[in-house]
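Peer 1:
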Amino acid sequence: MAVREEFRRRGCGQLLLEGCEGIARRNYGVSEIYLHVEEENAGALKMYKQSGFTSSDMRNPTINRMDRLLRLVLRVPKAATLYSRRIFKDLLEEEDVEFQLAEAMLP
1 MAVREEFRRR GCGQLLLEGC EGIARRNYGV SEIYLHVEEE NAGALKMYKQ
51 SGFTSSDMRN PTINRMDRLL RLVLRVPKAA TLYSRRIFKD LLEEEDVEFQ
101 LAEAMLP
């Protein structure tokens, strides 16, 4: 996910993240999201952490294997760390309402 520089710090990244999570959950039944974020990207790191993402446990063999595969296929930079967030049922309805409001604001 990327936001052009002139649109940063306006909530665009948060709206994109919420929209992607909503689509993944509703259309594909996803209950956990993983992403790589470069540690030097302070703005993105702050947004993801405020959204509930935490650094993934790389000692877990399944997560470690997934991380290696994503790095190979997507050419993820070495400086990027894998983060994850579980999507809890009680937050889903609230997020759906927020996403619907955000969609209504788009032209």
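Residue numbers are given in full-length UniProt numbering: position 95 of the sequence shown equals residue 95, and the series is strictly consecutive. Cβ coordinates follow ideal geometry from the N, Cα and C atoms, glycine included. Because the structure is a prediction, the values reported are computed rather than measured.
1) So is ALA80 in contact with chain C if we call contact Cβ pairs under 9 Å?
2) Tell me the DSSP bridge mates of LEU82?
3) Have a look at GLU21 and ILE33 and give me their C-alpha separation to the nearest angstrom.
4) Does the stretch 36-51 come close enough to the stretch 69-85 to have 3 or more Cβ pairs within less than 8 Å?
5) Are there 16 or more other CB atoms within 10 angstroms of the CB of PHE53, so buried, or fewer, so exposed?
Peer 2: Quick look at the numbers:
1) Within the model displayed, chain C is absent; a lone protein chain is all it includes.
2) HIS36
3) Their backbone Cα atoms lie some 7 Å apart in a straight line.
4) yes
5) buried
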